[in-house]
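Each remark here refers to the structure printed beneath this line.
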Amino acid sequence: AKEPVRVLVTGAAGQIGYALVPMIARGVMLGADQPVILHMLDIPPAAEALNGVKMELVDAAFPLLKGVVATTDAVEACTGVNVAVMVGGFPRKEGMERKDVMSKNVSIYKAQASALEKHAAANCKVLVVANPANTNALILKEFAPSIPDKNISCLTRLDHNRALGQISERLNVQVSDVKNVIIWGNHSSSQYPDVNHATVKTPAGEKPVRELVANDEWLNGEFITTVQQRGAAIIKARKLSSALSAASSACDHIRDWVLGTPEGTWVSMGVYSDGSYNVPAGLIYSFPVTCKNGEWCIVQGLPIDEFSRKKMDATAEELSEEKALAYSCLS
Ligand code: NAX
Numbered sequence: 002a003k004e005p006v007r008v009l010v011t012g013a014a015g016q017i018g019y020a021l022v023p024m025i026a027r028g029v030m031l032g033a034d035q036p037v038i039l040h041m042l043d044i045p046p047a048a049e050a051l052n053g054v055k056m057e058l059v060d061a062a063f064p065l066l067k068g069v070v071a072t073t074d075a076v077e078a079c080t081g082v083n084v085a086v087m088v089g090g091f092p093r094k095e096g097m098e099r100k101d102v103m104s105k106n107v108s109i110y111k112a113q114a115s116a117l118e119k120h121a122a123a124n125c126k127v128l129v130v131a132n133p134a135n136t137n138a139l140i141l142k143e144f145a146p147s148i149p150d151k152n153i154s155c156l157t158r159l160d161h162n163r164a165l166g167q168i169s170e171r172l173n174v175q176v177s178d179v180k181n182v183i184i185w186g187n188h189s190s191s192q193y194p195d196v197n198h199a200t201v202k203t204p205a206g207e208k209p210v211r212e213l214v215a216n217d218e219w220l221n222g223e224f225i226t227t228v229q230q231r232g233a234a235i236i237k238a239r240k241l242s243s244a245l246s247a248a249s250s251a252c253d254h255i256r257d258w259v260l261g262t263p264e265g266t267w268v269s270m271g272v273y274s275d276g277s278y279n280v281p282a283g284l285i286y287s288f289p290v291t292c293k294n295g296e297w298c299i300v301q302g303l304p305i306d307e308f309s310r311k312k313m314d315a316t317a318e319e320l321s322e323e324k325a326l327a328y329s330c331l332s
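full-length UniProt numbering puts the sequence shown at residues 2 to 332.
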């Protein structure tokens with residue numbers, strides 16, 4: 002039998018946490034034959050609710066779940082974890098300045114970076130979900146210098162999956178037959194959902210999405226804004242932000258990272274830029290990646306047209322500004 006993998010979920014008493022922990026305990030994230038021990042962290046005001054989640058995990062009698070740690074102590078939560086999903090953060094409330102929200106998250110991610118660096122298992126893989134996701138991940142990276150850059154990422158897989166979903170609805174095809182969309186840049190409304198390399202599996206072989214949709218106006222307009230604004234549309238409809246889709250995408254992100262992407266398929270991950278595609282090095286930016294043996298690798302050599310270039314640069318510019326704002330909170 003396999004040794005259990007320890008998975009940390011911060012903000013585990015929140016909405017995404019509530020959807021995510023049962024998925025992990027059912028093997029959706031790491032596989033149906035992989036036992037897990039869940040480490041759940043939240044803050045003292047949520048301690049009672051967190052304990053309630055722990056009670057429900059016990060009650061669900063998940064065969065793969067070999068233990069649950071529920072705590073408000075970051076050191077205890079981080080100790081020995083192999084995978085860390087960082088969902089906890091400070092949300093933007095109405096009337097708050099961007100700088101004030103950034104400042105709260107910078108201090109949270111600075112502290113949790115140290116706890117992970119000192120106490121997580123060697124080679125722990127980190128996924129930041131909490132917003133501003135890219136910049137929180139960058140702060141985490143800066144304050145956990147002994148964790149390799151390659152082990153720190155942020156979630157843009159939800160945006161990627163939303164793009165697949167929109168194409169599948171438009172063409173009335175199975176979502177599993179659509180692949181290789183790309184989310185470039187920030188997990189914010191400046192992100193660029195790119196279909197220029199996306200394909201659909203048809204009885205006559207793989208066809209480009211552009212050819213099948215045959216409507217550049219829709220692809221360059223409404224498709225992009227729908228994906229960019231999907232989070233807001235969910236809030237409007239549900240009066241709560243995306244939770245089940247965020248949790249499911251977080252599982253997809255870790256599963257593909259650990260177990261590998263299928264041959265010929267790439268996914269989007271927010272990762273530390275090495276300057277590929279002329280994206281400034283030193284930002285956490287969403288790129289198309291393939292994964293093998295537990296490591297991601299940026300897909301190289303895709304042709305970029307002028308329309309894409311502008312959008313990729315605009316979202317990089319926003320990330321550079323966020324980075325500057327985050328650093329100004331440190332001094
Ligand atoms: P909730 O407010 O329901 O849950 C957040 C939880 O984090 C709360 O239980 C809170 O007590 C806890 N928390 C706060 N500070 C903490 C700290 N220092 N340590 C540990 N826990 C802490 O929010 P939820 O809807 O679950 O969303 C969580 C985060 O995901 C938000 O930042 C949200 O903006 C972000 N999202 C990111 C997405 C992505 O694709 N990257 C999509 C979904 C989501 O909007």
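We treat Cβ as the ideally placed atom computed from N, Cα and C, and that holds for glycine.
Exercise. For the beta strand (DSSP E) that contains residue 21, what are its first and last residues?
Worked result: Position 20 of the sequence shown, counted from the start, is the residue given in the question as residue 21. Careful: residue 21 lies outside any beta strand (DSSP E), inside the alpha helix (DSSP H) at 16-26.
| Going by DSSP, which residues form a beta bridge with residue 188? | Taking the sequence shown and counting its residues from 1, the one referred to as residue 188 is at position 187. The partner list for residue 188 (beta bridge, DSSP) is empty, contrary to what the question assumes.
**Message:** Which of the three DSSP states is assigned to residue 308 in this structure?
**Reply:** The sequence position of residue 308 within the sequence shown is 307, counting from 1. Reduced to three states, the DSSP call for residue 308 is helix.
Exercise. For ligand 1, is there a heavy atom less than 8 Å away from the beta-carbon of residue 64?
Worked result: In the sequence shown, counting from the first residue as 1, residue 64 sits at position 63. No, Cβ of residue 64 sits at least 8 Å from all heavy atoms of ligand 1.
### Message
ligand 1 and residue 155: does the residue's C-beta get closer than 8 Å to at least one heavy atom of that ligand?
### Response
Locating residue 155 in the sequence shown gives position 154, counting from the first residue. Checking every heavy atom of ligand 1 against the Cβ of residue 155, one is found closer than 8 Å.
Task: residue 262 CB to nearest heavy atom of ligand 1 below 8 Å - done: For the purposes of this step, residue 262 is identified with residue 261 of the sequence shown, where counting begins at 1. Not so, every heavy atom of ligand 1 lies at least 8 Å from the Cβ.
query: Which residues mark the beginning and the end of the beta strand (DSSP E) in which residue 227 is found?
result: Numbered from its first residue, the sequence shown carries residue 227 at position 226. Residue 227 -> not in any beta strand (DSSP E); alpha helix (DSSP H) instead, spanning 223-229.
Exercise for review: List the endpoints of the continuous alpha helix (DSSP H) containing residue 110.
Suggested key: For the purposes of this step, residue 110 is taken as residue 109 along the sequence shown, with counting starting at 1. Its alpha helix (DSSP H) spans residues 99-120.
Can you give me the Cβ contacts of residue 319 inside the same chain, cut-off strictly under 6 Å, excluding the 5 residues immediately before and after it? Locating residue 319 in the sequence shown gives position 318, where the first residue counts as 1. Once the five neighbours on either side are set aside, the close Cβ partners of residue 319 are 187 and 191.
Original post:
Does the count of Cβ pairs from the segment 76-88 and the segment 44-51 closer than 8 Å reach three?
Top reply: no
Q | the segment 128-143 / the segment 97-106 touching (three or more Cβ pairs under 8 Å) | A | yes
Assuming residue 273 and residue 153 are in contact, meaning their beta carbons sit under 8 Å apart, how far apart are those beta carbons, in whole angstroms? Sequence index remark: in the sequence shown, residue 273 carries index 272 (1-based). Sequence index remark: in the sequence shown, residue 153 carries index 152 (1-based). At roughly 7 Å, the Cβ-Cβ gap stays under 8 Å, so residue 273 and residue 153 are in contact.
Notebook entry, point to check: Does DSSP put residue 84 in a helix, in a strand, or in coil?
Noted result: For this step, residue 84 is matched to residue 83 along the sequence shown. Correct three-state label for residue 84: strand.
Query raised in the report: When every heavy atom of ligand 1 is checked, does at least one fall within less than 8 Å of the C-beta of residue 91?
Result: On the sequence shown, position 90 is the one that residue 91 refers to. Yes - ligand 1 has a heavy atom lying nearer than 8 Å to the Cβ of residue 91.
Exercise. Would you say residue 145 and residue 114 are within 9 Å of each other, going by their C-beta atoms?
Worked result: Start at 1 with the first residue of the sequence shown, and residue 145 comes out as number 144. Start at 1 with the first residue of the sequence shown, and residue 114 comes out as number 113. Contact flag set, yes.
* Quick one: Cα of residue 284 to Cα of residue 219, how far? -> Stepping through the sequence shown from its first residue, residue 284 is reached at position 283. Stepping through the sequence shown from its first residue, residue 219 is reached at position 218. If you take the alpha carbons of residue 284 and residue 219, they lie about 30 Å apart.
### Query
Comparing the CB of residue 177 with every heavy atom of ligand 1, is any distance shorter than 8 Å?
Reading the sequence shown from its first residue, position 176 is the one you call residue 177. It does not: the Cβ of residue 177 is nowhere closer than 8 Å to a heavy atom of ligand 1.
- Task: Note the first and the last residue of the continuous beta strand (DSSP E) segment covering residue 42.
- Result: Looking up residue 42 in the sequence shown gives position 41. It spans 37-42 - the beta strand (DSSP E) in which residue 42 sits, taken as one unbroken run.
* Cβ atoms of residue 275 and residue 299: under 9 Å apart, would you say? -> Here residue 299 refers to the residue found at position 298 when the sequence shown is read from its first residue. Here residue 275 refers to the residue found at position 274 when the sequence shown is read from its first residue. Going by C-beta atoms, residue 299 is nearer than 9 Å to residue 275.
Might you give, ordered along the chain, the residues of its own chain that have their beta carbon closer than 8 Å to the beta carbon of residue 61, omitting 5 neighbours on each side? The count along the sequence shown starts at 1 and reaches residue 61 at position 60. So the qualifying residues of the chain are 23 and 26.
request  = With a threshold of 8 Å, establish whether the CB of residue 11 neighbours any heavy atom of ligand 1.
outcome  = On the sequence shown, position 10 is the one that residue 11 refers to. It does: the Cβ of residue 11 is within 8 Å (strictly closer) of some heavy atom of ligand 1.
- Does the separation of the CB atoms of residue 202 and residue 217 fall below 9 Å? Start at 1 with the first residue of the sequence shown, and residue 202 comes out as number 201. Start at 1 with the first residue of the sequence shown, and residue 217 comes out as number 216. No, Cβ-Cβ distance for residue 202 and residue 217 is not below 9 Å.
Could you tell me which whole alpha helix (DSSP H) segments of length 4 or greater appear in the segment 127-154?
134-143
Suppose contacts are defined by Cβ-Cβ distances below 9 Å. Is residue 309 in contact with residue 181 by that definition? In the sequence shown, residue 309 corresponds to position 308, counting from 1. In the sequence shown, residue 181 corresponds to position 180, counting from 1. Not closer than 9 Å, so no.
Exercise for the section: With distances taken Cα to Cα, identify the nearest neighbour of residue 39 among 50, 18 and 49. Expected result: For the purposes of this step, residue 39 is identified with residue 38 of the sequence shown, where counting begins at 1. Considering only alpha carbons, the answer is 18.
Q) Measuring from the CB of residue 46, is there a heavy atom of ligand 1 at a distance below 8 Å? A) Residue mapping note: residue 46 aligns to position 45 of the sequence shown, counting from 1. Checking every heavy atom of ligand 1 against the Cβ of residue 46, one is found closer than 8 Å.
Could you check how far apart the C-beta atoms of residue 157 and residue 270 are, in whole angstroms? I think they sit under 8 Å.
Position 156 of the sequence shown, counted from the first residue, corresponds to residue 157. Position 269 of the sequence shown, counted from the first residue, corresponds to residue 270. About 7 Å; that satisfies the 8 Å criterion.
- So is the beta-carbon of residue 113 under 8 Å away from any non-hydrogen atom of ligand 1? Position 112 of the sequence shown holds residue 113. Under cutoff, so the answer is yes.
- [ ] Check whether the Cβ atoms of residue 268 and residue 31 lie closer than 9 Å to each other.
- [x] Position 267 of the sequence shown, counted from the start, is the residue given in the question as residue 268. Position 30 of the sequence shown, counted from the start, is the residue given in the question as residue 31. Not closer than 9 Å, so no.
Exercise for the section: Would you identify the three-state DSSP class for residue 180, choosing helix, strand or coil? Expected result: The residue given as residue 180 occupies position 179 in the sequence shown. DSSP places residue 180 in strand when its eight states are reduced to three.
query = How about residue 42: is its Cβ closer than 8 Å to a heavy atom in ligand 3?
reply = Of the ligands this structure carries, namely ligand 1, none is ligand 3.
Inter-residue CB distance, residue 165 and residue 250 (contact presumed, cutoff 8 Å):
Translated into positions along the sequence shown, residue 165 becomes position 164. Translated into positions along the sequence shown, residue 250 becomes position 249. Incorrect: roughly 11 Å between the Cβ atoms, too far for contact.
- Task: Could you pull the start and end residues of the alpha helix (DSSP H) that residue 252 belongs to?
- Result: By one-based count along the sequence shown, residue 252 stands at place 251. Residues 245-260.
Please return the same chain residues whose Cβ sits closer than 6 Å to the Cβ of residue 194, not counting the five positions on each side in sequence. In the sequence shown, the residue the question calls residue 194 occupies position 193. Closer than 6 Å at Cβ, skipping near neighbours: 164, 184, 225 and 228.
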